[in-house]
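Comments concern the structure below.
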Amino acid sequence: MNTEQPKKELSAIKGTKDILPQEARLWQIAEAAAKEIFELYGYRELRAPVIEPTELFEKGTGASSDIVTKEMYTFTDKGGRSVTLRPEYTPSVVRAIIEHRLDLQPQPLRFYYIGPMFRYDKPQKGRYRQFHQIDIEVFGEKDPAVDAEIVEMAHRLLRQLGVENVTTMVNSVGCKKCRPAYGAELRKAAAAVKDRLCPDCQRKAELNPLRIFDCKIETCREVASNFPKITDFLCAECQEHFQEFLGYLDFYGIPYRVDPTLVRGLDYYTKTAFEIVAEHLGAQNAICGGGRYDDMVREFGGPDLCGIGFAMGLERLLSVAKIEPPKKSFVYFAYLGEEAKKQSIATARYLRSEGIECLVEFKDRGMKAHFSRANKIGADWVLIIGEDELAKGKFQLKDMIDSKQYEGTAEELAKIILLKDKKGIKSREE
RNA sequence: GUGAGUGUAGCUCAAGGGUUAGAGCACCGGACUGUGGAUCCGGUGGUUGGGGGUUCGAAUCCCCUCACUCACCCCA
670 MNTEQPKKEL SAIKGTKDIL PQEARLWQIA EAAAKEIFEL YGYRELRAPV
720 IEPTELFEKG TGASSDIVTK EMYTFTDKGG RSVTLRPEYT PSVVRAIIEH
770 RLDLQPQPLR FYYIGPMFRY DKPQKGRYRQ FHQIDIEVFG EKDPAVDAEI
820 VEMAHRLLRQ LGVENVTTMV NSVGCKKCRP AYGAELRKAA AAVKDRLCPD
870 CQRKAELNPL RIFDCKIETC REVASNFPKI TDFLCAECQE HFQEFLGYLD
920 FYGIPYRVDP TLVRGLDYYT KTAFEIVAEH LGAQNAICGG GRYDDMVREF
970 GGPDLCGIGF AMGLERLLSV AKIEPPKKSF VYFAYLGEEA KKQSIATARY
1020 LRSEGIECLV EFKDRGMKAH FSRANKIGAD WVLIIGEDEL AKGKFQLKDM
1070 IDSKQYEGTA EELAKIILLK DKKGIKSREE
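Residue numbering for the first sequence follows the numbering used here, beginning at 670 and increasing consecutively.
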């Protein structure tokens, strides 16, 4: 490459990155696994736009949330409308349900989606400005059995991708009836001991007293341990829902930890909230977070339709997943001369139609250079076409793994390749 | 938004004020014109992130800036 480089180097913008082929292979596998598993539970893909009216998130995600107040990619388009690159997915699905009257279809509705989200955050380990989520939502199912089912589904996906050592944290954040009373009690308790809290927590005492539970300072933890717990304030309905949810988790045999201080960052959650955290992920260790949001559709002016869902962070998931990409063999063409080059092109065309990956490089090389090249790029097979082969109408096929060499027509050699590939797959499955 | 750490070749790293900034790996070529991996030889590749300052002299010391990394806040 001898084109002149521009003086100013262009690079991906902060918090975004290229996913190069080797890594993209892992993404493909994780995405395929997610789709396959979700479809097994009756979920169907629903693709919503990446860009939405800004009001959608102000209303859905919550005008007071951190996401909306300081993390959105918002700009004005040429028509003067305020638009936003979605920071999360749920409001888009809710919008789509109302817009297309999907609530008139047989319920419950089950959707999934995999795609990029955008938050203007300061990047760090496990946190990016463009990141990717696997998202699922269920609408119109009140039964706590479904709360447990989505947790079990998440676990199945994690297991499939070789993720080990995860902890499932669960909680109930109550509903409109019982949560306000708890909030008031908590605020009262925090205000009473305000002088014993760190400056940061003193600020939280009024804004969001639940966050005091997360403080790392010893005295704050000690003080907070005497604060009232949400689980003691749940109304009868929420209490029953929570207990049944836990009962179904037990039924599935999924270990969990009840964490009364678990709050999700988004305002709209009701009743069930859960999080799955992994080891070795740094500070941002939640790979999956979700919960129930029974009021959201109605608050958008839609029908009274309850909802529940979770989001899994793909970057975080992949950093703890153990995925071994299956090895697919391919054929490198070693040809000598113009006539053999044409024959290679034609033969590759045939082999590809049989599902065999072929690489014909358009560079004059000697036989040694061909082999050296084939070896370097990891070819499993080398198909040799020179004068002798052209005359005979039969080619040489060398197996680069065990150095055996075969002679035959394109059809005969295709069979040899396909047979060995099949065996290879079989032995991997055992 | 706040704080800390790190920036030297595509990658991993040397050089800690003193010739023209080096090495390994990788890449390209040769030894080797019909058979790969090894070995040997050669080559490409750098405004030392950028700008300014101190100095006879700066990759090295100082300031600013940018980028990356990690942490806080918050979240996937």
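We put the beta carbon where it would ideally sit given N, CA and C, even for glycine.
Report the residue from F920, D936 and E944 whose alpha carbon sits nearest the alpha carbon of D928. E944
Output the boundary residues of the beta strand (DSSP E) element that contains T837. V835 to S841
In angstroms with no decimal places, state the Cα-to-Cα distance between H824 and F914. 16 Å
Can you list, in chain order, the residues of its chain whose CB lies under 6 Å from that of I706, leaving out five sequence neighbours each side? R825 and L826
Starting from L725, trace the alpha helix (DSSP H) in both directions and tell me its first and last residue. T723 to F726
Do F1064 and E1058 have their C-beta atoms within less than 8 Å of each other? yes
Taking P785 as the reference, which of R770, D804 and Q774 has the closest Cα? D804
Among the candidates N895, N1044, G970 and P897, whose CA atom is the shortest distance from the CA of I767? Closest option to I767, Cα to Cα, is G970.
Pick from R713, E714 and Y742 that is closest to E727, judged by C-alpha positions: Y742
For L935, name the three-state secondary structure that DSSP assigns. It is coil, neither helix nor strand.
State the start and end residues of the unbroken beta strand (DSSP E) segment that holds D804. Element bounds for D804: Q799 to F808.
Between the CA atoms of I886 and L866 - distance to the nearest angstrom: 9 Å
Please report how far the alpha carbon of K940 lies from the alpha carbon of R848, in whole angstroms. 9 Å
Where does R796 sit, in a helix, a strand or coil, going by DSSP? strand
Look up W1050 in the DSSP assignment and give the residues it is bridged to. Listed as beta-bridge partners of W1050 by DSSP are V1000 and D1068.
Would you mind reading off the limits of the beta strand (DSSP E) that contains G852? Careful: G852 lies outside any beta strand (DSSP E), inside the alpha helix (DSSP H) at R848 to A861.
Tell me which residues share the same chain as C1027 and place their Cβ nearer than 6 Å to its Cβ, disregarding the 5 neighbours each side in the sequence. V1000, A1017, L1020 and R1021
Which of helix, strand or coil DSSP assigns to L679: When DSSP states are grouped into helix, strand and coil, L679 belongs to the coil group.
Our contact map puts A874 next to K863 with C-beta atoms below 8 Å; I'd like the distance itself, whole angstroms only. The C-beta distance from A874 to K863 rounds to 6 Å, short enough to meet the 8 Å contact threshold.
Please classify D687: does DSSP put it in a helix, a strand, or coil? coil
Could you name the residues of the same chain whose beta carbon sits closer than 6 Å to that of V932, not counting the 5 residues immediately before and after it, in chain order? L879
Nonlocal neighbours in the same chain, by C-beta distance under 7 Å from Y921, ignoring five residues either side: A817 and E821
By the 10 Å Cβ neighbour count, where 16 or more other Cβ atoms means buried, how is S1013 classified, buried or exposed? Result: buried.
Y921 lies in the beta strand (DSSP E); which residues open and close that run? Careful: Y921 lies outside any beta strand (DSSP E), inside the alpha helix (DSSP H) at A905 to Y921.
Cβ of Q1074 within 8 Å of Cβ of L1082? no
How many Å lie between R798 and V832 at the Cα? 24 Å
Please check the pair T730 and V752, which I expect to be a contact at CB under 8 Å, by giving their CB distance rounded to whole angstroms. Their Cβ separation, rounded to whole angstroms, is 15 Å, which puts T730 and V752 out of contact at 8 Å.
Quick check on H1039: buried or exposed, where buried means 16 or more other Cβ atoms within 10 Å of its Cβ? buried
In terms of alpha-carbon separation, which member of E1023, E1030 and S1041 lies closest to E1080? E1023
Close-in-space but distant-in-sequence residues of the same chain around K898 (CB under 6 Å, 5 per side omitted): P929
What does the alpha-carbon distance come out to for the pair S1041 and F1031? 15 Å
Got a sec, what are the start and stop residues for the beta strand (DSSP E) R779 sits in? L778 to F787
DSSP on G729, reduced to helix/strand/coil? Helix.
Inspect the beta-carbon positions of A699 and I992 and report whether they are closer than 8 Å. Against a cut-off of 8 Å, the Cβ pair of I992 and A699 comes out as a contact.
For the segment 771-781 against the segment 706-718, do three or more pairs of beta-carbon atoms, one drawn from each stretch, fall closer than 8 Å, so that the two count as touching? The segment 706-718 and the segment 771-781 touch, with three or more beta-carbon pairs separated by less than 8 Å.
From this set, S841, A681, L855 and V966, which residue's C-alpha is nearest A905's C-alpha? Selected option, being the one with the closest Cα: S841.
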